[in-house]
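**Q** Questions regarding the structure given below will be posed in turn.
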Amino acid sequence: MSELALPARIALVGNPNSGKTALFNALTGSRQKVANYPGVTVERKEGVVVTPAGLTVRLIDLPGTYSLRARSLDEIVTRDVVLGRLAGEDVLRLLVCVADSTNLRLALRLVLELKHVGRPMILALNMFDIARHRGFEIDLDRLSAELGIPVVSSVAVRRGGTRDLLTRIDEVIGEHGMPSVEGTWSEPDAAALRVTQRRADRILDAAVRIPGRPDGFTRRVDRVVLHPVLGLVILLAILFLMFQAVFTWAQAPMELIRSGFTGLGVLAGSVLPQGWLLSFVREGLISGLGSVLVFLPQILTLFFFILLLEDFGYMARAAFLMDRIMGGAGLHGRAFIPLLSSFACAIPGIMATRVISSRRGRLATILVAPLMTCSARIPVYTLIISAFVPARTVLGWFSLQGLVMFGLYAAGIASALGMSWVLNRLLWRQDRSDPFMLELPDYKRPILRNVALGLLTRAQIFLRRAGTTIFAMMVVIWFLCSVPPAPVDATEPAINYSLAAHIGKAMEPVLRPIGFNWQIDVALVPGMAAREVAVAALGTVYAIEGAAEDPGELGRVLTAHWSLATALALLAWYVFAPQCASTLSVVWRETNGWRWTAFLFSYMLALAYLAAFVTYQTALALGAG
Amino acid sequence: MPATARRFCNEKPTGGMRALGTAPVGFRGRIRAVQVGAGDHELPAAEIERQLLELGFVEGARVEVLHQGLFGRDPIAVRVNETTVALRRREAAAILVEQDDG
């Protein structure tokens with residue numbers, strides 16, 4: 001292929017909240033794909049655009065940044081792609097700098113910095129309609145002359161709003177377009193930043209008339225939403241509604257996925273002959289994938305709200321409201337969204353920590369995210385609570401079962417905050433947390449299309465993860481649970497003859513002080529696949545058919561076999577236990593190695609043992625044995 | 626310390642100057658200096674200074690304190706020219722501001 005035939009590569013750069021991703025979506029539509037940059041876990045979004053002149057262009061959406069100076073993982077990638085330093089990435093033909101027309105001051109400084117890169121550049125003044133509506137007067141020609149680059153207006157959310165930009169792209173990358181020149185960028189120091197900002201301010205004064213009044217809507221909403229007391233109440237109410245939705249809306253699709261995988265299992269049973277292949281396909285492949293994929297609806301429901309609130313501009317406010325509360329534990333305000341996501345599943349939560357710029361801040365968030373009560377714990381909690389905690393009201397109003405459930409959630413949150421405190425103060429001896437500085441963007445009407453495309457991306461990432469690392473772990477667990485196979489004259493369930501049973505029985509002396517019998521120990525092994533799998537595994541060990549579908553029967557068997565102390569100890573165990581191979585594999589990837597993964601596994605295991613031990617012994621002493 | 630900052634400090638040691646970190650909600654003024662003391666933060670002072678500059682906290686910028694958190698009146702939301710930025714009072718202590726007249 002000749003060099004001319006290769007599609008030109010163009011990158012979108014810009015400040016956070018400049019509407020860059022909305023513009024990317026408008027330009028590429030659904031013709032986009034998400035992958036990781038080679039060797040790093042930063043998402044790489046690329047799409048294809050065909051220009052009016054018929055050129056095919058590959059467009060890259062880079063993470064938002066204020067400068068090419070890099071601190072977080074995201075920003076390092078932005079810098080290296082822009083400078084053409086990243087191995088495996090082609091050199092860019094053109095930079096499109098995207099700016100919020102109502103907030104040009106910082107964007108112009110970035111433009112002036114980016115000019116040193118030496119690539120051709122276009123400045124796209126996004127949200128131009130909002131700016132005009134609010135009374136901004138922007139002289140595009142003057143701005144273009146002052147900056148020395150083409151400047152176009154764009155409205156990402158309106159049809160045809162990107163026409164000027166596309167036409168200008170054609171001009172710049174066409175045959176008589178602008179060439180690249182030698183780059184002279186170097187990291188600016190404070191003095192250089194001041195000089196550039198002063199230049200940007202002068203250009204702004206010359207080319208833009210800014211209305212005296214700020215956005216009235218944003219001011220009015222913030223007066224309520226950022227009110228010290230009312231703001232927290234509203235945040236709690238929003239969180240409450242989100243969780244309601246996560247646990248009600250997601251029910252139907254989850255049932256669908258469950259029965260779908262059950263159906264697949266039945267199908268496999270009718271097609272394949274009895275034997276290890278069937279066992280591998282049915283218990284390894286189908287149940288393994290099913291046990292993780294079943295959480296997709298909850299993850300997507302939660303992300304629907306997060307993306308919606310993010311698009312509206314609320315998420316930065318939530319970080320503002322939570323910063324002090326989390327900062328006391330040494331967590332960054334930006335850790336709020338990752339930890340929130342972890343209530344559905346720790347995997348998207350851990351992956352969302354990439355926006356945290358400090359390495360320790362990010363690591364602390366990754367290490368405590370699995371303590372948040374993920375939805376895989378719920379089946380275990382409900383099974384034990386409904387079987388052992390009497391359904392009666394206390395204090396005249398509260399259901400005792402509900403209170404226990406609430407207590408388990410609270411224990412998860414408290415231990416996450418406590419662990420972060422321990423990590424920061426004792427392990428890293430860091431008595432000051434990293435600075436929290438975050439732009440609070442003006443509120444915008446959320447664009448459903450952006451939310452939908454964002455959700456699609458989330459789903460893609462989760463499915464890819466489930467299809468690779470997570471899947472490999474599932475196969476290992478299947479192997480442990482089905483090898484060696486049960487003898488022909490077996491009287492007990494097959495799992496009781498497997499390696500898992502050997503492991504479980506070997507663990508019995510260790511786990512006896514916390515009240516676990518060998519049946520529980522065996523169920524813990526397949527429970528490594530996902531916490532909720534332990535429910536089905538208990539059913540298997542106690543030889544109850546269909547335990548996952550009807551936990552009532554299993555509950556009755558458990559009350560006959562376990563003491564209350566054992567049941568409570570198991571609840572305490574599940575608050576902390578690192579019973580999730582998928583989480584461990586994601587932590588492995590995100591922290592680049594086994595060290596922190598091993599640390600996570602050990603500290604959670606130690607906490608789980610300690611909590612179960614204290615619970616069991618206390619319950620025994622109180623006569624619940 | 627940048628030359629400009631030192632000049633401003635020496636010229637007006639008290640006057641209407643105060644650290645933005647101590648300003649109450651409703652405060653309006655102009656930034657006269659951004660100077661991060663060494664050892665005040667986990668990150669190097671020069672890094673904090675650059676982060677503040679990148680978010681628009683430069684000498685001459687108009688600021689208004691809009692909101693504050695419940696606990697310890699921290700963090701604060703500050704209008705800087707046309708941008709609103711949330712930051713903690715600890716970092717805002719590095720920003721010296723002069724109150725608007727009237």
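Quick mapping for you: the protein sequence lines, in order, are chains S and A. For the first sequence, counting from 1, position 390 maps to 390 in my numbering; every step adds exactly one. Numbers given in my numbering equal positions in the second sequence, counted from 1, plus 625. C-beta atoms are modelled at their ideal positions from N, C-alpha and C, and glycine is treated no differently. Since the structure is predicted, the reported quantities are computational estimates derived from the model, not experimental observations.
Given that TYR66(S) touches chain A, what residues does it touch there, using C-beta distances under 8 Å?
**A** Against the first sequence, residue 66(S) aligns to sequence position 66. Chain A residues near TYR66(S): GLU679 and LEU680.
**Q** With 9 Å as the C-beta to C-beta threshold (strictly closer), list the residues of the stretch 706-721 of chain A near chain S in chain order.
**A** Listed in sequence order: ASN706, GLU707, THR708, THR709, VAL710, ALA711, LEU712, ARG713, ARG715 and GLU716.
**Q** Does GLU679(A) pass the burial test, meaning 16 or more other C-beta atoms within 10 Å, or should it be called exposed?
**A** Looking up residue 679(A) in the second sequence gives position 54. Result: buried.
**Q** Taking Cβ positions, are TYR497(S) and ALA486(S) nearer each other than 9 Å?
**A** Indexing the first sequence from 1 puts residue 497(S) at position 497. Indexing the first sequence from 1 puts residue 486(S) at position 486. Cβ atoms of TYR497(S) and ALA486(S): closer than 9 Å.
**Q** Please indicate yes or no: does the CB of SER153(S) lie closer than 8 Å to some heavy atom of the ligand ZN?
**A** The ligand ZN is absent from the structure shown, which contains no ligands of any kind.
**Q** According to the neighbour-count rule (16 or more other Cβ atoms, all chains shown, within 10 Å of its Cβ), is GLU590(S) buried or exposed?
**A** As a working mapping, residue 590(S) is identified with position 590 in the first sequence. Its Cβ being crowded by 16 or more others within 10 Å, GLU590(S) is buried.
**Q** CB-CB under 8 Å to ALA391(S), same chain, minus the five flanking residues each way: which ones, in chain order?
**A** As a first step, residue 391(S) is located in the first sequence; it is residue number 391 there, counting from the start. These residues qualify, in order along the chain: SER399, LEU400 and GLN401.
**Q** Just list the residues that DSSP pairs PHE398(S) with in beta bridges.
**A** Start at 1 with the first residue of the first sequence, and residue 398(S) comes out as number 398. Partner(s): VAL394(S).
**Q** Would you call ALA630(A) buried or exposed, if buried means 16 or more other Cβ atoms sit within 10 Å of its Cβ?
**A** In the second sequence, counting from the first residue as 1, residue 630(A) sits at position 5. Confidence is the limiting factor: at ALA630(A) the pLDDT is only 41, short of 50, which leaves the residue's position unreliable, though a coordinate-based value still follows. Its Cβ being crowded by 16 or more others within 10 Å, ALA630(A) is buried.
**Q** Please list, in chain order, the residues of the stretch 105-132 of chain S that have any C-beta partner in chain A closer than 7 Å.
**A** Per Cβ criterion, the list reads ARG105 and LEU106.
**Q** List the residues of chain S whose Cβ lies closer than 8 Å to the Cβ of VAL688(A), in chain order.
**A** The residue you call residue 688(A) lines up with position 63 of the second sequence. What VAL688(A) touches in chain S: nothing, since even the nearest Cβ is about 13 Å away.
**Q** Return no unless some Cβ of chain A is closer than 9 Å to the Cβ of THR627(S).
**A** Here chain S has residues from 1 to 625 only, and residue 627(S) is not among them.
**Q** Starting from ARG704(A), find everything on chain S with Cβ-Cβ shorter than 8 Å and list it in chain order.
**A** Translated into the one-based positions of the second sequence, residue 704(A) becomes position 79. Here the neighbours are PRO214.
**Q** From this set, ILE306(S), ALA352(S) and GLY135(S), which residue's C-alpha is nearest PRO446(S)'s C-alpha?
**A** As a first step, residue 446(S) must be located in the first sequence, where it is residue number 446. Considering only alpha carbons, the answer is ILE306(S).
**Q** Hey, quick one: how far does the alpha helix (DSSP H) through ARG653(A) stretch, first residue to last?
**A** Indexing the second sequence from 1 puts residue 653(A) at position 28. No alpha helix (DSSP H) contains ARG653(A), which is instead part of the beta strand (DSSP E) from 653-659.
**Q** Please determine, among LEU264(S), ILE76(S), SER144(S) and PRO16(S), the residue with the shortest C-alpha to C-alpha distance to SER358(S).
**A** Here residue 358(S) refers to the residue found at position 358 of the first sequence. Checked all of LEU264(S), ILE76(S), SER144(S) and PRO16(S); the closest Cα to SER358(S) is ILE76(S).
**Q** In the DSSP output, what is GLY552(S) paired with across the bridge?
**A** On the first sequence, residue 552(S) is found 552 positions in, with the first residue counted as 1. Bridge partners of GLY552(S): none, in fact.
**Q** State the DSSP-derived secondary structure class of MET127(S), mapped to helix, strand or coil.
**A** As a working note, residue 127(S) is residue 127 in the first sequence. Here MET127(S) sits in coil by DSSP.
**Q** For ARG44(S), count the other beta carbons within 10 Å of its own beta carbon; 16 or more makes it buried, fewer makes it exposed. Which is it?
**A** The count along the first sequence starts at 1 and reaches residue 44(S) at position 44. Buried, by the Cβ-count rule.
**Q** Can you pull the chain S neighbours of GLU723(A), defined as C-beta to C-beta under 8 Å?
**A** Looking up residue 723(A) in the second sequence gives position 98. Neighbours of GLU723(A) on chain S: none; closest Cβ ~18 Å, over 8 Å.
**Q** Please tell me whether PHE320(S) has its Cβ less than 9 Å away from any Cβ of chain A.
**A** Locating residue 320(S) in the first sequence gives position 320, where the first residue counts as 1. Yes, its Cβ sits closer than 9 Å to a Cβ of chain A.
**Q** Would VAL368(S) pass as a contact of LEU331(S) if the rule is Cβ separation under 9 Å?
**A** To locate residue 368(S), count along the first sequence from 1; it is residue 368. To locate residue 331(S), count along the first sequence from 1; it is residue 331. Cβ atoms of VAL368(S) and LEU331(S): closer than 9 Å.
**Q** How big is the Cα-Cα spacing for PHE706(S) and PRO513(S)?
**A** Missing from the structure shown is residue 706(S); chain S here goes from 1 to 625 and no further.
**Q** Under three-state DSSP, which class holds ALA711(A)?
**A** The residue you call residue 711(A) lines up with position 86 of the second sequence. It is a strand residue.
**Q** Name the residue from LEU59(S), PRO578(S), HIS561(S) and ARG334(S) whose alpha carbon lies nearest to the alpha carbon of MET528(S).
**A** Along the first sequence, one-based indexing puts residue 528(S) at 528. For MET528(S), the nearest C-alpha among the options comes from PRO578(S).
**Q** PRO626(S): buried (16+ other C-beta within 10 angstroms of its C-beta) or exposed?
**A** Since the first residue shown for chain S is 1 and the last is 625, residue 626(S) is missing from the structure and cannot be characterised.
**Q** In the stretch 223-235 of chain S, which residues sit with their C-beta less than 7 Å from some C-beta in chain A, listed in chain order?
**A** Within the stretch 223-235 of chain S, the residues whose Cβ lies closer than 7 Å to some Cβ of chain A are LEU226, PRO228, VAL229 and LEU232, listed in chain order.
**Q** In this structure, how does DSSP classify MET372(S) when only helix, strand and coil are distinguished?
**A** As a first step, residue 372(S) is located in the first sequence; it is residue number 372 there, counting from the start. Residue state, collapsed to three classes: coil.
**Q** To which residues does DSSP link SER153(S) through a beta bridge?
**A** Counted from its first residue, the first sequence places residue 153(S) at position 153. Answer is LEU125(S), bridged to SER153(S).
**Q** Are the stretch 688-695 of chain A and the stretch 658-666 of chain A in contact at 8 Å, needing three or more beta carbon pairs?
**A** Too few Cβ pairs lie closer than 8 Å, so no.
**Q** Is LEU645(A) close to chain S? Criterion is C-beta to C-beta, closer than 9 Å.
**A** By 1-based counting over the second sequence, the position of residue 645(A) is 20. Closer than 9 Å: no.
**Q** For the beta strand (DSSP E) holding CYS97(S), just list the boundary residues, first then last.
**A** If you number the first sequence from 1, residue 97(S) lands on position 97. Counting along the chain, the beta strand (DSSP E) containing CYS97(S) begins and ends at 94-100.
**Q** Does ALA671(A) get closer than 9 Å to chain S when you measure Cβ to Cβ?
**A** Here the question's residue 671(A) lines up with position 46 in the second sequence. Yes, ALA671(A) counts as interfacial toward chain S.
**Q** Counting only beta-carbon separations shorter than 9 Å, does LEU62(S) have a partner in chain A?
**A** Locating residue 62(S) in the first sequence gives position 62, where the first residue counts as 1. No - not a single Cβ of chain A is within 9 Å of the one on LEU62(S).
**Q** Buried or exposed: where does PRO509(S) fall if 16 or more other Cβ atoms within 10 Å of its Cβ makes it buried?
**A** Against the first sequence, residue 509(S) aligns to sequence position 509. Exposed: under 16 other Cβ atoms inside 10 Å.
**Q** SER358(S) CB to nearest chain A CB: under 9 Å?
**A** Here residue 358(S) refers to the residue found at position 358 when the first sequence is read from its first residue. Cβ-Cβ to chain A under 9 Å: yes for SER358(S).
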